[in-house]
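Read top to bottom, the protein sequences are chains A and B.
Residue numbers for the first sequence, in the UniProt record's numbering: 1 to 465.
Residue numbers for the second sequence, in the UniProt record's numbering: 1 to 560.
For glycine and all other residues, C-beta sits at the position ideal for the given N, C-alpha and C.
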Amino acid sequence: MNFSEVFKQSNQLCKVSPDGKYLATCVQYRLVVRDFNSLQIAHLYTCLDPVMHMEWSSDSLFILCAMYKRGLVQVWSLEQPDWHCKIDEGSIGLVSSRWSPDGRHVLNTTEFNLRVTVWSLCTKAVSYIKYPKACQKGVDFTADGRYMALAERRECKDYISVFVCDDWHLLRHFESETQDLAGLEWSPNCCVLAVWDNCLEYKLLLYSLDGRLLSSYSAYEWSLGIKSVAWSPSSQFLAVGSYDEKVRILNHITWKKITEFEHPATIINTKAVVFKEVEKRPVVGSEDLSIHQLTVDNSLFSTQSKYEITQLPAQVPVIKPDPDRANPKIGISALAFSADNRFLATKNDNMPQSLWVWDMQRLSLLAVLEQTAPVRCFVWDPRRPRLALCTGNTKVYLWSPAGCVSVNVPVEGSFQVLSLFWHCSGSSLVLLSKEHICLLKYILYNVSLSCHLIGILFRRHAVFL
Amino acid sequence: FPNPLSSISGISMSPSRQNLHHSLHSTMALPKTSYSVLSAFCTEENISQCIAYINQEVCSLGLTGVSLESKSGSLSAVPVLNLLYEVLQLQRRAQRALHELETQQLKNGSDLEHLQHSNCRLKDQLEHTRRDNSGLHEGERQLQLKIKTLQNWLKSEKEEVQKLQSIISSRATQYNHDTKRKERECTKLKERLNQLLMDKRDKKLSIEISNHVGRSDGKRGLWKTGKMEARHEGEMYKALLSDYETRQRSLMMENSELKKVLQHMKKDMITILSPKKPEPANDSLEQAVSECEEEIGDPSRETLEQSCEQAREQLTNSIRLQWRKLKSHMERLDSQASLVASQEREGEEMMSRKEHEEEMQRMRMELQQCKEFIHMQQQLLQQQLSSPCDEETAALLNDCYTLEEKERLKEEWRLFNEQKRNFERERKNFTEAAIRLGHERKAFEEDRAAWLKTQFLNMTPFVDRKRSALSDSALSVGTEPEAKLQSTPPLVTKSLFSTPKAASVKMPSTADLYRTLHLIPDSRGHGKCQSGEMSTKSRLRNCSTDCSVLSFVRDENSPI
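Structural data, given as structure tokens:
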């Protein structure tokens with residue numbers, strides 16, 4: 001594993017092309033496209049204003065740069081660097097811009113969610129979709145890119161429209177049985193649409209592609225409800241995280257609850273392993289100072305950390321949410337399945353320093369990672385069952401069923417990792433700090449192989465020895 | 001309160017009774033003492049009167065049989081004695097009765113005391129319980145009060161809750177209404193805004209594109225027609241259908257797996273149940289098994305193959321039946337087993353204990369052996385450690401160490417030699433280079449001299465004389481630094497740099513080398529050496545570049 005040099009970036013805009021060949025970053029006005037392997041600049045484009053949003057088209061041929069303040073979208077081509085396209089939304093304003101799955105249409109949401117404008121790069125045609133709903137997740141495309149579901153609000157009622165992305169034909173339009181729809185998401189097999197109500201009511205609805213209500217699920221009433229929803233990649237499970245600090249797993253046949261995962265403050269489950277991050281400042285002896293300075297260099301001043309296995313029962317640090325505030329910091333805010341469906345990672349907001357990993361085969365808790373700082377971001381490797389996370393300090397943490405490691409980012413100055421994502425091959429990680437990016441390449445899957453490079457490893461069975 | 005009252009009355013009564021006894025005592029004791037003092041009861045004069053009195057008294061005492069009769073002034077002794085005897089008898093009786101009464105009195109007194117004590121105690125106890133009682137009463141009263149207040153509070157709270165609930169619900173409806181109104185307004189506004197924007201024909205709303213892009217699938221766009229719509233529908237249903245098909249397939253797979261498991265279970269059940277058949281113990285079981293077999297034998301196949309409602313029912317029924325049988329059988333076996341086990345347990349326990357003990361014994365033996373072994377080993381080790389007193393082993397050990405040391409030294413020596421050789425080689429190279437350089441310089445000097453000479457000769461008319469003078473001057477230049485060297489040492493030592501002597505002491509080989517090298521071809525080389533511990537590189541450079549007298553002088557100054 002090695003770290004690349006550091007590149008500049010602004011607005012956390014850094015994306016890898018879907019084919020994995022290029023890395024695009026935005027630095028104020030400029031869009032820089034690099035070859036992912038050599039990191040040499042392949043293309044350089046200059047936009048009209050600082051870029052607020054950037055996105056690759058699905059075929060990795062175009063890049064969309066949105067400048068919301070000026071209501072502008074610019075599209076750049078990788079094949080023809082002198083080709084250009086500028087879309088001006090005019091005085092109506094622009095709040096969000098995205099590609100359609102075919103990479104030939106741009107969908108712009110105007111200010112006040114007045115409408116969605118669909119611009120075609122093939123024909124210059126414009127079409128409008130009225131009444132889009134402003135909510136947590138109002139638009140979703142199926143994984144095969146064929147259909148788009150859009151949440152709408154008309155006459156104080158929620159509607160869902162299903163469009164065919166090929167020619168923006170309205171396939172279905174139906175009323176959803178929600179009070180105030182908060183989000184919708186297609187199942188990965190493109191046949192079921194999960195729709196959930198906003199937090200005032202626990203209500204999850206499942207619609208078929210043709211608009212039939214397949215099932216509805218409500219775990220409880222009179223309390224704050226759903227906070228997050230995630231499909232397993234096989235579409236077999238639907239995980240629903242809620243404000244009651246529980247994750248409920250629904251099955252895809254009866255759409256009933258299989259199990260629920262609680263996040264207790266005291267972990268007594270003996271099958272789970274609690275990894276606790278322990279920080280220690282390096283003790284610099286007089287005799288090894290010279291060697292240290294030569295080898296460790298800048299990490300001399302940063303704290304080292306390692307994981308230790310805590311004896312059970314273990315206590316998880318909990319913060320008490322302020323009940324007078326809206327959107328209290330409690331409940332499951334983030335859920336993610338591993339690519340092989342075997343693991344589920346969750347984060348409970350009132351235990352911000354802990355990340356929970358569940359075994360989906362045994363439907364039980366597998367590991368808890370207790371960090372020294374609140375977990376900012378966690379992402380599964382798209383190929384293998386391993387998890388990368390960051391907590392806003394200078395370290396990256398990796399978990400796999402074999403163990404857990406912390407890796408210091410060896411960069412001049414401090415590189416505080418605020419977010420991260422994997423390259424589609426799963427061999428590299430892109431780390432983002434406030435204004436910089438850094439690439440972590442050639443990460444060996446077997447953590448034990450790299451442990452001599454990066455720190456201390458704890459094996460699961462170490463507990464049982 | 002009847003008890004205390006009675007006790008009180010008892011207390012009040014007791015002293016009076018005591019007093020009564022005392023008075024009795026006093027009246028009885030008085031005559032005794034007065035008897036001796038008053039000896040003048042009977043005198044010569046009043047004998048008759050006395051007799052009469054005594055008679056009277058005796059009569060009153062009830063001793064009618066005996067009476068004194070005076071016979072001319074003298075008393076006959078017999079009646080008197082009889083009387084006396086009677087009186088004495090009477091007296092004794094009275095005495096005895098008195099005694100009895102006294103002991104009775106004492107007993108009664110102590111009884112009384114005891115009763116008084118117990119009475120006191122009981123009174124205290126009573127007081128205490130009374131106090132407790134009142135305390136409890138008070139507590140109860142307070143609790144009652146508390147309950148009352150709490151009930152009131154609860155009632156008020158309930159009312160409050162009801163009120164709040166009604167407020168909440170009214171608010172909720174109000175808010176819902178408001179939000180709906182607002183939303184409507186919002187949509188209206190949006191509509192209006194949209195209309196305005198559309199009416200205004202927003203000039204800015206545009207797309208600038210250098211040239212159109214082909215569709216990602218390479219096909220051309222199609223017109224929107226009814227046909228397309230139908231196609232979309234068709235595609236959608238196709239997708240749904242395929243999904244259902246895959247799902248059905250997976251379910252089928254799962255189902256068949258489960259069926260397999262079921263069949264397996266059934267088979268197992270049969271095998272479990274059938275060996276019991278030969279046992280004549282229970283006919284019912286046999287019957288059941290045979291029934292099972294009959295049922296399982298043929299229709300199960302069919303039921304598994306069929307998938308209609310009826311077949312399933314049949315299947316579940318048969319399974320249930322078998323399961324029940326198995327369960328009862330198991331229960332029976334269990335009870336039997338427990339019976340047998342309870343019978344056998346005692347004997348077994350004895351056996352096991354015996355075995356256990358034997359095992360323990362054996363283990364203990366083993367442990368002992370092991371311990372001995374360890375001890376022996378330790379002893380041997382100790383001996384070995386303590387025995388280096390014998391010189392031989394010590395010497396041997398020493399030898400070993402020295403040998404090792406020697407070996408190491410030899411290794412180091414070898415390394416050193418190698419390094420030395422390397423150095424030698426380098427030095428040789430260096431000297432060769434220096435010599436070559438010297439030669440070159442010499443040649444150059446000669447060239448220069450020749451050139452100067454020719455120049456000079458060309459310029460001046462005295463060609464011949466100058467030639468010889470030049471050679472002289474060259475010589476003088478050569479000798480000059482020699483003289484300087486001898487004269488300057490004290491001056492140079494004052495400078496920061498070491499003297500040539502010191503340099504020579506430090507690194508004699510190089511200094512010598514330089515001296516020999518540079519003195520032979522050119523006297524200036526010697527001068528260079530004076531500048532002390534300059535790196536050989538710089539020396540070389542200096543040597544090669546500095547040719548003029550001027551530069552030489554500057555070099556000399558530079559270190560100072």
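Spatial distance of residue i from residue j (CA atoms)
| i | j | result |
| --- | --- | --- |
| B/A29 | B/R131 | Confidence in B/A29 is poor, its pLDDT being 44 and thus under 50, which makes the residue's placement unreliable; the coordinate value appears in the next sentence. Each residue's Cα considered, the two are about 52 Å apart. |
| A/L88 | A/R115 | The sequence given here has Asp at residue 88 of chain A, not Leu. Taking the straight line joining both Cα atoms gives about 15 Å. |
| B/T536 | B/E404 | Low local confidence applies: a pLDDT of 40 at B/T536 is under 50, so the model's placement there is unreliable, with the coordinate-based value given in what follows. Their backbone Cα atoms lie some 41 Å apart in a straight line. |
| A/N408 | B/Q378 | 51 Å |
| B/T493 | B/E446 | Below a pLDDT of 50, predicted positions are generally treated as unreliable, and B/T493, at 37, falls in that range; no measurement from the model is reported. |
| B/N211 | A/L250 | 49 Å |
| A/K257 | A/D167 | 38 Å |
| A/R30 | A/K86 | 15 Å |
| B/V505 | B/K453 | At B/V505 the pLDDT is 43, less than 50, meaning the model places this residue with poor confidence; the figure from the coordinates comes in the next sentence. Roughly 41 Å separates the two Cα atoms. |
| A/Y45 | A/A402 | 44 Å |
| B/C370 | B/D399 | 37 Å |
| B/E191 | A/F163 | 22 Å |
| B/E291 | B/Q314 | Unreliable positioning characterises B/E291 in this predicted model, as indicated by a pLDDT of 47, which lies under 50. The coordinate reading is nonetheless provided below. Their backbone Cα atoms lie some 15 Å apart in a straight line. |
| A/C424 | A/L439 | 13 Å |
| A/S17 | A/A24 | 7 Å |
Residue interval of the beta strand (DSSP E) (run including residue i)
| i | result |
| --- | --- |
| A/C165 | A/C165 -> no beta strand (DSSP E), and no H or E assigned at all. |
| A/Q304 | 304 to 310 |
| residue 466 of chain A | A question about residue 466 of chain A goes unanswered here, because the residues of chain A that appear run from 1 up to 465. |
| A/F415 | First-last for A/F415: undefined, no H or E at that position. |
| A/G183 | 181 to 186 |
| A/R248 | 246 to 251 |
| A/S4 | 2 to 8 |
| A/F76 | In the sequence as presented, Phe is not what sits at residue 76 of chain A; that position holds Trp. Unbroken beta strand (DSSP E) run through A/W76: 72 to 77. |
Boundaries of the alpha helix (DSSP H) in which residue i is found, first to last residue
| i | result |
| --- | --- |
| B/L61 | 47 to 61 |
Min CB distance residue i to chain B below 8 Å
| i | result |
| --- | --- |
| A/N327 | no |
| A/W119 | yes |
| A/W83 | yes |
| A/K124 | yes |
| A/N189 | yes |
| A/C165 | no |
| A/I330 | no |
| A/L48 | no |
| A/D88 | yes |
| A/I92 | yes |
Cβ of residue i within 8 Å of any chain A Cβ
| i | result |
| --- | --- |
| B/P299 | Because the pLDDT of B/P299 is 45, which lies under 50, any placement of that residue in the model is unreliable, and the number read from its coordinates should be weighed accordingly. No, B/P299 lies away from the interface with chain A (no Cβ there is under 8 Å from its Cβ). |
| B/I319 | no |
| B/K180 | yes |
| B/G214 | yes |
| B/S473 | Low local confidence applies: a pLDDT of 45 at B/S473 is under 50, so the model's placement there is unreliable, and no value is given. |
Beta bridge counterpart(s) of residue i as assigned by DSSP
| i | result |
| --- | --- |
| A/F378 | A/L389 |
| A/Y397 | A/L389, A/S406 |
| A/Y22 | A/D35 |
| A/C98 | Position check: residue 98 of chain A holds Arg in this sequence, whereas Cys was assumed. The partner list for A/R98 (beta bridge, DSSP) reads A/L107. |
| A/E370 | A/K276, A/S354 |
| A/D158 | A/R153 |
| A/P132 | A/E152 |
- Task: Would you be able to state if there are at least three C-beta pairs under 8 Å between the stretch 319 to 335 of chain A and the stretch 212 to 221 of chain A?
- Result: no
- Message: Any contact between the stretch 227 to 244 of chain A and the stretch 332 to 339 of chain A? By contact I mean 3 or more CB pairs, one from each, below 8 Å.
- Response: The stretch 227 to 244 of chain A is in contact with the stretch 332 to 339 of chain A.
- Cβ contact check for the stretch 50 to 64 of chain A and the stretch 100 to 109 of chain A: 3 or more pairs under 8 Å: Yes: the two stretches touch, three or more of their Cβ pairs being nearer than 8 Å.
- Mind the definition here: the stretch 154 to 173 of chain A touches the stretch 228 to 241 of chain B only if three or more C-beta pairs lie below 8 Å; say whether that holds. yes
- Query: Would you call the stretch 350 to 365 of chain A and the stretch 260 to 276 of chain A touching, i.e. three or more CB-CB distances under 8 Å?
  - Reply: Touching, per the Cβ criterion.
- Query: Are the stretch 148 to 157 of chain A and the stretch 179 to 191 of chain B touching by the rule of at least three beta carbon pairs closer than 8 Å?
  - Reply: yes
- Would you be able to state if there are at least three C-beta pairs under 8 Å between the stretch 194 to 204 of chain A and the stretch 309 to 316 of chain A? no
- Task: Would you be able to state if there are at least three C-beta pairs under 8 Å between the stretch 69 to 79 of chain A and the stretch 134 to 150 of chain A?
- Result: no
- Query: Per the contact definition of three or more C-beta pairs closer than 8 Å, is the stretch 225 to 232 of chain A in contact with the stretch 272 to 281 of chain A?
  - Reply: no
- Message: Check whether the stretch 182 to 196 of chain B and the stretch 19 to 38 of chain A touch, using three or more Cβ-Cβ pairs below 8 Å as the test.
- Response: no
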